[in-house]
Structures are given as structure tokens and as C-alpha cells.
Amino acid sequence: MKNQRAELSTQQIVLMIILIASFLVIFFFLLRLGIGEKSEEQLCYNSVLQKSLFPKTSLQCYRNYICITKDGSCEELIKPEKIKVKSLNETYKILAEEMAKCWWTFGEGKVDYVGKDYFFKDKYCSICSQIYFDDSLENLEGVEDKKISKDELYDYLIKNDYSKDQTYSQYLLGTNDLGGLKKQIIENENNAEKIGTFGEIEIGKQYFNVMGIISERTNAVEIGIGVGVGVAGVVVALTPVGWVGGAIIVVGSAALGGGAGIGVSEIAALTTGGQGIDNEFMAPTLVEAESDKFKALNCYEILTYT
Amino acid sequence: MTNKIKKIKNKKGMLLAEETLKTVIAVIVIVFLVYFLVNLYFGKLKNDALKSSERLLISSDQSIKNIIGSLKEGESKSMALQEINWNLLSFTEQEKPNACAGKNCLCICDEVLWENSENARQTNECNKNGVCTIVSNLKNEKVNIGLQKDFATEISISKQNKEVSITKK
Numbered sequence: 002m003k004n005q006r007a008e009l010s011t012q013q014i015v016l017m018i019i020l021i022a023s024f025l026v027i028f029f030f031l032l033r034l035g036i037g038e039k040s041e042e043q044l045c046y047n048s049v050l051q052k053s054l055f056p057k058t059s060l061q062c063y064r065n066y067i068c069i070t071k072d073g074s075c076e077e078l079i080k081p082e083k084i085k086v087k088s089l090n091e092t093y094k095i096l097a098e099e100m101a102k103c104w105w106t107f108g109e110g111k112v113d114y115v116g117k118d119y120f121f122k123d124k125y126c127s128i129c130s131q132i133y134f135d136d137s138l139e140n141l142e143g144v145e146d147k148k149i150s151k152d153e154l155y156d157y158l159i160k161n162d163y164s165k166d167q168t169y170s171q172y173l174l175g176t177n178d179l180g181g182l183k184k185q186i187i188e189n190e191n192n193a194e195k196i197g198t199f200g201e202i203e204i205g206k207q208y209f210n211v212m213g214i215i216s217e218r219t220n221a222v223e224i225g226i227g228v229g230v231g232v233a234g235v236v237v238a239l240t241p242v243g244w245v246g247g248a249i250i251v252v253g254s255a256a257l258g259g260g261a262g263i264g265v266s267e268i269a270a271l272t273t274g275g276q277g278i279d280n281e282f283m284a285p286t287l288v289e290a291e292s293d294k295f296k297a298l299n300c301y302e303i304l305t306y307t
Numbered sequence: 011m012t013n014k015i016k017k018i019k020n021k022k023g024m025l026l027a028e029e030t031l032k033t034v035i036a037v038i039v040i041v042f043l044v045y046f047l048v049n050l051y052f053g054k055l056k057n058d059a060l061k062s063s064e065r066l067l068i069s070s071d072q073s074i075k076n077i078i079g080s081l082k083e084g085e086s087k088s089m090a091l092q093e094i095n096w097n098l099l100s101f102t103e104q105e106k107p108n109a110c111a112g113k114n115c116l117c118i119c120d121e122v123l124w125e126n127s128e129n130a131r132q133t134n135e136c137n138k139n140g141v142c143t144i145v146s147n148l149k150n151e152k153v154n155i156g157l158q159k160d161f162a163t164e165i166s167i168s169k170q171n172k173e174v175s176i177t178k179k
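Respectively, the protein sequence lines represent chains A and B. Numbering-wise (my numbering), the first sequence opens with residue 2 and increments by one. Numbering-wise (my numbering), the second sequence opens with residue 11 and increments by one.
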């Protein structure tokens with residue numbers, strides 16, 4: 002009798018162990034799926050939508066730290082999201098995905114998440130991710146002089162699909178015309194050398210995957226200005242220099258002088274109008290962290306938390 | 011008769027095991043529930059602290075970053091920091107938190123761990139529980155100023171020879 006009772010409880014114990022073990026296995030796989038990361042993106046996206054409806058709320062967006070490496074080493078960043086690549090094409094794919102993720106999170110140019118400003122139209126930037134290009138990437142085929150061509154990255158964007166009906170380039174920039182974009186770079190007033198290139202990414206350095214939005218002015222101010230003083234002169238005075246020309250960044254580059262001008266002219270080509278809203282956007286792009294080019298963006302505020 | 015007794019005892023055993031199983035499952039569920047609630051509570055506290063730090067360091071009109079940006083050569087400005095029990099630290103050596111992107115920077119972090127000159131641990135701490143802003147021209151000296159929530163801590167920010175230095179008043 003005692004044996005039988007013991008047998009039963011053993012059976013139950015085994016059952017319990019199986020139950021707990023299977024729960025732990027499921028929990029482990031749930032953690033491995035990176036649901037936390039996905040939910041952070043979703044949280045940011047939701048806060049962007051919420052802010053467009055209720056401007057008093059705050060954005061809940063955080064910067065991701067990514068290290069692209071060939072050999073798995075990553076000295077510059079502490080516990081980043083490490084992504085191992087074997088070829089340049091894989092690197093471009095990761096960058097394209099990061100840029101698309103950033104564009105999606107901040108409303109794809111369809112959402113005004115900064116509200117209206119009273120006197121000046123300001124530029125608000127979002128650093129979606131900070132990417133370190135590990136030294137080991139210099140051993141990748143096609144990398145010369147420790148540099149990765151951004152022209153080839155944009156070439157990747159026009160040739161590869163983001164979804165069934167559009168390429169990355171169409172999704173991010175609304176066009177697949179790389180020649181047209183380069184023409185805009187050449188024709189930009191800051192590009193004194195008239196070189197049609199998106200520039201290069203230097204291996205061993207950190208880059209911001211950054212996008213931007215320009216706020217609109219409140220109607221009351223515009224009407225007030227119009228009635229009071231005569232619209233044209235004052236509106237031009239209140240609007241950042243170069244805005245009329247359509248390039249987001251021209252102001253900053255003018256302020257910084259010629260040095261950043263050549264690089265910054267790239268940004269002019271990445272400026273797109275909002276869809277269904279008046280704001281203008283800068284599509285996600287890679288800019289070296291805290292470089293003159295980044296300073297030339299002249300961001301009034303960085304909306305993402307570090 | 012003996013068979014009947016056996017059956018009853020078996021049933022009792024089954025019931026006992028079933029109850030144990032239920033209890034174990036209940037304990038597991040309660041442990042997870044408590045874990046999530048504790049996480050939620052401390053997550054909220056940390057989030058509030060990070061937002062206050064962000065305001066003090068970067069985003070408010072009178073933030074440390076904006077004051078540094080407005081400093082002219084040879085000028086010195088003082089400011090009072092409150093709201094939070096964290097610490098204002100500088101990073102000018104080799105190891106820096108991720109947000110510093112390899113440049114000199116100022117951070118407001120939860121704990122100070124570098125008394126034993128363990129820079130790596132401090133960097134890690136600021137990476138997890140801190141907010142940082144890059145100040146490329148920050149003077150190469152250690153800043154370690156404890157902030158208090160209820161009392162204003164006065165600091166002085168000055169610019170000499172293009173270098174920014176921060177001291178407690």
C-alpha cells in the first residue's frame with residue numbers, strides 16, 4: 002500500500018518537473034525571440050501616434066546600439082546588439098532594415114509628432130540607432146581604404162524590395178530614381194565641388210541612423226503676421242534661411258561654413274514632403290556621430306532618449 | 011473490504027498529489043506575478059529618474075548642455091540641480107558609455123562605483139542607469155557630484171582655453 006502511494010506521488014512529481022521544465026523552455030525561447038526589442042519599437046510607434054493626437058504626451062523612443070562586425074568583436078560599445086556579417090551585401094541589408102524600421106517607427110512621413118511652433122519652424126531629429134562599424138569589416142570583400150560606399154548602399158536600396166510592392170528606396174524616399182537624387186546633390190548650393198555622391202562610411206567609427214521632421218507654425222501666428230506687417234518679408238525672416246529652397250539642412254551648413262557643406266548637400270536629396278500633412282521630413286540616413294555634418298543638421302531637439 | 015480500503019487510500023493519495031500540483035502551479039504563478047509587479051514598479055521609478063536626468067542634462071532650456079552651448083570663452087555660469095538623487099559624472103578616459111560615441115561626455119547616473127578606480131563598472135552602470143550628453147571639449151578631469159532630490163546642488167560651469175570644466179560650488 003505504501004509503495005502504491007509512493008508510486009503515485011512519484012508520477013505526480015515527474016509530471017510537475019516536466020511541467021516546470023517545459024515552462025522554462027518556452028520562457029527561454031520567448032526571451033530569445035527578442036520580444037522586448039520588438040515591444041520597445043511598438044511602444045515608440047504608439048507614442049508617436051499618441052503624440053500626433055494629444056501633443057501634451059511624451060514620446061517613448063530609445064536609441065538602439067548596434068555593432069556590425071565580421072569576427073564578432075566589438076570594442077567600442079558596451080553590450081550592443083551584435084550583428085555578424087560575411088559580405089558587404091549583408092551589411093547593406095542590415096542598414097536598409099534599420100533605416101526602414103526608423104521610418105516606420107516615426108510614422109512613415111504621415112504623422113506630425115512634433116506639433117506646431119509659435120514663431121520658428123524647428124528641426125526635430127530622432128536618432129533611431131547608433132551603429133558601430135567594427136574594425137573587422139575592413140576584411141570584407143569590396144571594402145577599400147577602410148571605407149564603405151554609401152552610393153552602393155543607396156544602390157542596394159533601389160534594387161531590393163522592402164515589401165511586395167515597393168523597394169527600400171521607394172518606401173523611404175518615394176522614388177527609385179538614384180540619378181535624380183544624385184542630381185539634387187550636385188545642384189545643391191552647398192556642393193561647391195559639384196560631386197554627385199552620398200559619401201562614405203568609415204570603418205571603426207560610430208554613425209547615427211537619424212531622421213528628422215520640421216515643425217509647422219501655428220495658424221494664429223501666420224495670420225497675425227499677415228495682417229500686421231505684410232507677409233512676405235516677415236515670413237522669410239521667421240523661416241530658417243534656405244528653407245524656401247527646400248533643403249532641411251542648408252541653414253546649419255551655412256552657419257558652419259564650407260567644411261560640412263559638401264557632405265550636407267546629400268541631405269537635401271533626402272528631404273521629402275509629408276503625406277497628407279504639411280511638415281517636411283528628412284528620410285533616415287547615416288551620419289557620423291557628433292561630426293560637423295551631424296551638427297550641421299542643426300537639430301533643435303533630439304526626440305529619442307539615449 | 012481490504013480492496014475498498016485500498017481504493018479509498020489510493021484516492022486520498024491522488025487527491026493529495028493533485029492538491030500539491032495545484033499549489034506548486036499557484037506558487038509559480040504568484041512568484042511570476044510578484045516579479046512582474048516589482049519590475050513594473052521599479053521600471054516606473056527608473057523611467058521617472060531617467061526623464062528628470064534627461065531634462066537636467068539635455069532637454070530643458072536651462073539644461074547643462076544648453077548652458078555649456080551658450081558659454082563664451084572665459085565665462086562662468088552657475089546652476090542649481092535638484093529633482094533627483096543621482097550623480098553627475100564625467101567620462102574623459104578610454105572607456106565611455108555607449109551614448110558618448112567615444113567622445114568626452116557628461117552623464118547623470120544612478121550609482122557611483124568608481125571609487126576603486128573601476129572605470130569599466132562605472133561605465134556599465136551609466137550605460138544601464140544613466141543619461142549622457144557629449145561634451146567634446148570637456149576638460150580632462152574627473153567630475154563626481156552627488157545630486158539630491160530635496161536640496162539644490164549648486165555647480166559652476168566655466169570655459170577656459172576652449173575647455174569646459176564643471177565644479178561643485
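Backbone N, C-alpha and C fix where the C-beta goes; we use that ideal spot for every residue, glycine too.
Chain C contact residues for residue i, given Cβ-Cβ distances below 9 Å
i       : result
B/Ala59 : Within the model displayed, chain C is absent; protein chains A and B are what it includes.
Chain A contact for residue i (CB, 8 Å cutoff)
i        : result
B/Lys172 : no
B/Thr33  : no
B/Val41  : no
B/Ile144 : yes
B/Glu103 : no
B/Asn97  : no
B/Glu64  : yes
Candidates the options: closest to residue i by CA position
i        : options                               : result
A/Tyr66  : A/Met17, A/Gln207, A/Ser130, A/Thr198 : A/Ser130
A/Lys52  : A/Leu78, A/Glu77, A/Gly108, A/Glu190  : A/Gly108
A/Leu50  : A/Gly110, A/Ile303, A/Phe282          : A/Gly110
B/Ile38  : A/Glu41, A/Val144, A/Ala22            : A/Ala22
A/Ile303 : A/Thr58, A/Val115, A/Gln12            : A/Val115
B/Asn114 : B/Ser146, B/Gln170, B/Asn57, B/Val41  : B/Ser146
B/Ala59  : B/Asn150, B/Ser86, B/Asn95, B/Thr177  : B/Asn95
A/Asp135 : A/Lys87, A/Glu76, A/Tyr172, A/Asp178  : A/Glu76
A/Ser127 : A/Ser40, A/Phe209, A/Asp279           : A/Phe209
B/Gln170 : B/Gly84, B/Arg131, B/Asn154, B/Asn129 : B/Gly84
Within chain A, the residues that residue i reaches when beta carbons sit closer than 8 Å
i        : result
B/Val141 : Tyr306, Thr307
B/Lys113 : Ala290, Glu291
Proximity test, Cβ basis, 8 Å: residue i and chain B
i        : result
A/Met212 : no
A/Ile27  : no
A/Gln131 : yes
A/Glu42  : no
A/Gln51  : no
A/Gln171 : no
A/Gln276 : no
A/Val236 : Since pLDDT at A/Val236 reaches only 41, below the 50 mark, its modelled position is unreliable, and no value is offered.
Where residue i meets chain A, residues with beta-carbon distance less than 9 Å
i        : result
B/Ser69  : Glu302, Ile303
B/Asn134 : Ile79, Lys80
Residue i classed as buried or exposed, judged by whether at least 16 other C-beta atoms fall within 10 angstroms
i        : result
A/Asn189 : buried
A/Arg218 : buried
A/Leu158 : buried
A/Ala297 : buried
A/Tyr119 : exposed
B/Gly140 : buried
A/Ala233 : Note on A/Ala233: pLDDT 44, under 50, position unreliable in the model; the coordinate value appears next. By the 10 Å Cβ count, A/Ala233 comes out exposed.
A/Lys294 : buried
B/Thr33  : exposed
B/Ala36  : exposed
A/Glu267 : buried
C-beta atoms of residue i and residue j nearer than 8 Å
i        : j        : result
A/Tyr46  : A/Tyr301 : no
A/Leu174 : A/Leu141 : no
A/Leu60  : A/Ser48  : yes
A/Gly197 : A/Lys184 : yes
B/Lys159 : B/Glu93  : yes
B/Leu91  : B/Leu116 : no
A/Gln207 : A/Tyr133 : yes
A/Met17  : B/Leu31  : yes
B/Glu105 : B/Glu121 : no
B/Pro107 : B/Asn137 : yes
A/Phe102 : A/Lys85  : In the sequence under discussion, the amino acid at residue 102 of chain A is Lys, which differs from the Phe named in the question. Contact flag unset, no.
Neighbour list for residue i in chain B, Cβ cutoff strictly below 7 Å
i        : result
A/Pro56  : Residues of chain B passing the Cβ test: none, with the nearest at roughly 16 Å.
A/Gln185 : Here the premise fails: no neighbours, minimum Cβ distance about 29 Å.
Neighbouring residues, chain A, relative to residue i (Cβ below 7 Å)
i        : result
B/Asn137 : Ile79
Chain-ordered chain B contacts of residue i [CB-CB under 8 Å]
i        : result
A/Tyr66  : Asn108
A/Gln207 : Ala111, Gly112
A/Gln13  : Ala27, Glu28, Thr30, Leu31
Contact test: residue i Cβ vs the ligand FAD heavy atom, cutoff 7 Å
i        : result
A/Tyr125 : With respect to the ligand FAD, the structure shown offers nothing to examine, as it has no ligands at all.
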